[in-house]
Amino acid sequence: VEKKKTESKPDPLRDEKKKSKSSSSSNSAPKLDINTYKTATGSSQYRFGVLAKIVKHMRTRHQEGETYPLSLEEILDETNQLDVGNKVKQWLQTEALLNNPKIEVTPDGKFLFKALYRLKDRKSLLKLLKQQDLKGLGGILLDDVQESLPHYEKALRILQNQNEIIFITRPIDKKKVLFYNDRTASLPIDEEFQKLWRSVAVDAMDDAKIEEYLDKQVMLLNYFFIIFSLFYLIICDERGSRVRRIVGGIPADIPPVDDPVIYTRFGGRTARVEGVRDFSYYVFRGIKFAHPPTGRDRFLRPNEKFLEGEVNATKFPQPCIQPRPGTNEVIGSEDCLALNVFTPELPTGLEGTCVIWSGFPYKFSEVFLILIVNSKISSEFSDTVFTPELPTGLEGTCVRHLVGRRLVVVTIQYRLGSLGFLSSGNRQLPGNVALWDMVLAVQWVRNYIGFFGGNPYRIVVMGHGTGASSALLVALSKVAKGMASGIVAMSGTAISNWAVDHTPKNTAEDIAHQNGCPISETLTMVKCLQNLSPDSIIRGDSNIEFQRLQSRGFMSGLSGGLGSAPVSEGYNDGRSLPGLVEDEPINDLNKEKNPRIPLLTGITRDETKRAVRGIK
C-alpha cells in the first residue's frame, strides 16, 4: 500500500478524541482517520479496523484508570482479536503501534495509551491549568481532559464545586475549553466597554488563521480605539470642568495616595495584602508568619502560617512578651510571631501578572536584608519594632538608611527569654524554639518577598548582641542551608561565651522552681509551665537573672549570659526531628564544617553603655 502525505483539515464529524498528526512518513504507520480507512481496500482496510479497535480499547482503559502497560498478545486478547494473522501482528508490533501518535511504547516492548497530558488526578489537572494561566497559554480543550484524565467526571465536578475552574464554549465548533478560575484577577470593567470589546467578532479559533483575523479586524479595532480614546478624553475634560465649577476655577487639592496593595499566590493560597505608605517607601506591618505559640504549643516549634484572604498589614504587631527595662512591668504578647516589610518600590506591573505572580523581581532590590532586632532576654528594640515614625529613633534611622539604599528591609519578632530558649536537654523540652522562629521567618521571606519587590536569593541575616549570635547560629545551620547569602553580626558571634547555655537543665530547674513547678519529672514540669501565665515566666526570668548576677558578679551580667539561651541539641531533638545546633559552635568552626557565607562583624561605638552608668 502506498502511503501518501496528507494534510489534516478540520472536520466537525470526526471524533476529536482520535486526532492524529498532520502527516506520516513513508516508513510509518498510515494515519488513523476516517478518510484513510474508507479509501483503503482489502487487507489494508482489515488492518486499519484491527488498529482502530486497539486504539479505542487502550483509550478506554486509560480513562478507567488502568494505566499499566500491555503486551500485544494481551491487547489482542482483551479486544477479542487473537485470530489475526502473523503478518498483521508483525505490522502492529513493528510499525502500526510503534508509530501511532496515541500509543506509547515502554522499554520492555509493551504498550500504553499516550494521552495529550499526563494527568493522574484533579490536583495534577489544577496544577496544569494554573501553569497554563501563569504562562499565558490559555485553556485546555475539555475533550483532551476527558481523554487524559482517568475518571474525569468526578474530578471536574469537584473542581467546579470549589469554583476552581470555568468552562468557555468555543464559537466555531461549540467545543468547551477549560480554564483556571483566577479569582484574584477579577477587575471591574465598565459595561459599555465590555459591549464595545465584544462587538468585535472573531470568526474562528484556529491558530493558523490568527494573522488573517488580525488583517480583517485591524481597521475596525483602530476605529473603536479612536472612539474610545475620544470618549475618555471627553469624560476627563468634563470632570475637570466640574471641579473648576465647584471650586470657582481654582484646581482642587491632589487626592491622597492610595495605600499600597499587593496580591500573593503561594502554596495554592492567594492573598490581598494592604499596607501603608510611609515617607518615600512602602510598609507592610504586622504580617503573621506563624500561628500563636500559646497553650500546648508553648515551648514547641512554630507552626507556619500562609498568607491567605484579606490581610490588613497597616499596624505594627505587639512585641514579644518581655520585661520593660528598669521597671517591674511586663509588656507585649505571646502571640507575637510577626514581621514587617519595608520596601522602596513595589514590583513593576502591580496590576498585571508578570511580576506579581512570578514572585521574583526583575528591576530593583537586588539585595534583601533581614534585621533580627530582638534580644533573647529583654529588648527595648522589640517595644518599638523599628518603627520609622520615630524620626529621632535609632531604629527608624536604621530602616530609613537601608531602604534609602534601595534595599528591602524585613524586621522579625521571635520568642524571648525562657519562652523562646528554655531547655531541659531532653525530648520533653529540647529548646531553641526561638531559633526555629527565625528559620521559619527566613523561609517566609524566601516564599513571599518577591511579591514585595525583594530578591529571595539575596538574603542577608543581621542581628545585634544576642541577636547577632542567634543570626549566626541560624544562618550556619544545615536546616537553613542556602537561605542566607550573607550575615551581619554586630556585637556578638556564635562563639561568644554567652551565645550557648552549657547547663540548660540547671536553668530549666531554676525557672521551674521560681514558678512553683515540680522538677522531678520533665514532662510534669513542662505541663506546669505551659499552664502558667506568660507574665509569670517572664518575671521568673528577671528574678533568676538578678540572683545569678549577685552570685556570679558584675562581669557575667555585662556579658548578658544570665538566663535561657540556645543549646546544642545534637543531630535530632529526641523526637526524630532534625537539630538546629548539632554541636558546639566552636567545634564546628575548628572542624571547618560551617558553610562559606560572607560575614560582616564588629562592635558599636557605645558598647555596654547601658551597663556602665555615669560615663559620658
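Oh and the sequence shown: position 599 is 599 in full-length UniProt numbering, straight run, nothing missing. We put the beta carbon where it would ideally sit given N, CA and C, even for glycine. None of the values given here were measured: they were computed from a predicted structure.
query                                                                                                       : result
Opposing strand residues paired with C320 [DSSP bridges]                                                    : S333
Straight-line Cα distance separating V341 from F316                                                         : 10 Å
The segment 500-510 contacting the segment 597-607, beta-carbon criterion three pairs below 8 Å             : no
Nearest residue (CA-CA) to R122, options S418, L337, E164, G85                                              : E164
Best match in V474, E569, V409 for proximity to A489 [C-alpha to C-alpha]                                   : V474
Exposure label - Q63; buried when at least 16 CB within 10 Å                                                : buried
Extent of the continuous beta strand (DSSP E) run through D510                                              : Note, D510: premise wrong, no beta strand (DSSP E); alpha helix (DSSP H) at 504-514.
Close beta carbons around L128, own chain, < 8 Å, minus the five adjacent residues each side                : Y117, L119, I140
Any 3 or more C-beta pairs closer than 8 Å across the segment 266-286 and the segment 504-515               : no
Closest residue to W91 among D108, S44, V460 (Cα-Cα distance)                                               : S44
Collapsed DSSP secondary structure at L599 in the structure displayed                                       : strand
Option nearest L137 by Cα separation, candidates K114, Y180, V330, K288                                     : Y180
Cβ-based burial, S424 [other Cβ within 10 Å; buried from 16]                                                : buried
Whole-number beta carbon distance between E569 and E584, since they are thought to touch under 8 Å          : The Cβ separation is near 11 Å, so there is no contact.
CA-to-CA distance, I538 to L562, given in whole angstroms                                                   : 13 Å
Beta-carbon proximity list for A471, same chain, < 7 Å, skipping 5 on both sides                            : I372, V461, M462, G463, I487, A489
Buried versus exposed call for D606 [16 or more other C-beta atoms within 10 Å across all chains shown]     : exposed
Residue nearest to E147 in terms of C-alpha spacing, selected from E66, I321, N99                           : E66
For T466, three-class secondary structure by DSSP                                                           : helix
Integer-rounded CB distance, given that L416 should sit under 8 Å from V409                                 : The Cβ separation is near 21 Å, so there is no contact.
DSSP bridge partner residues for K288 (one or two, in chain order)                                          : A338
Sequence-distant residues of the same chain with beta carbon closer than 7 Å to N27, five excluded per side : Low per-residue confidence applies at N27: pLDDT is 37, beneath 50, and the placement is therefore not dependable enough to give any value.
Where I538 falls: helix, strand or coil (DSSP)                                                              : helix
Rounded C-alpha distance that separates I75 from I54                                                        : 7 Å
R265 versus K130 - alpha carbon distance                                                                    : 11 Å
Between the CA atoms of W436 and V442 - distance to the nearest angstrom                                    : 10 Å
Between the CA atoms of N587 and I597 - distance to the nearest angstrom                                    : 18 Å
Pairwise C-alpha distance: S469 and A338                                                                    : 21 Å
Beta-carbon separation (whole angstroms), I459 vs M483, contact threshold 8 Å                               : 6 Å
S520 versus R446, E592, Q428, K591, residue with shortest Cα-Cα distance                                    : Q428
One or two residues paired with M490 in a DSSP bridge                                                       : H464, G602
Beta-carbon proximity list for L580, same chain, < 6 Å, skipping 5 on both sides                            : N432, L435, S477, V479
In DSSP terms, what F546 is bridged to                                                                      : According to DSSP, which records beta bridges pairwise, F546 is partnered with nothing at all.
Beta-carbon proximity list for N594, same chain, < 7 Å, skipping 5 on both sides                            : L476, D588
Bounding residues of the beta strand (DSSP E) (the contiguous stretch that carries D278)                    : 276-278
Spatial distance of T522 from N590 (CA atoms)                                                               : 34 Å
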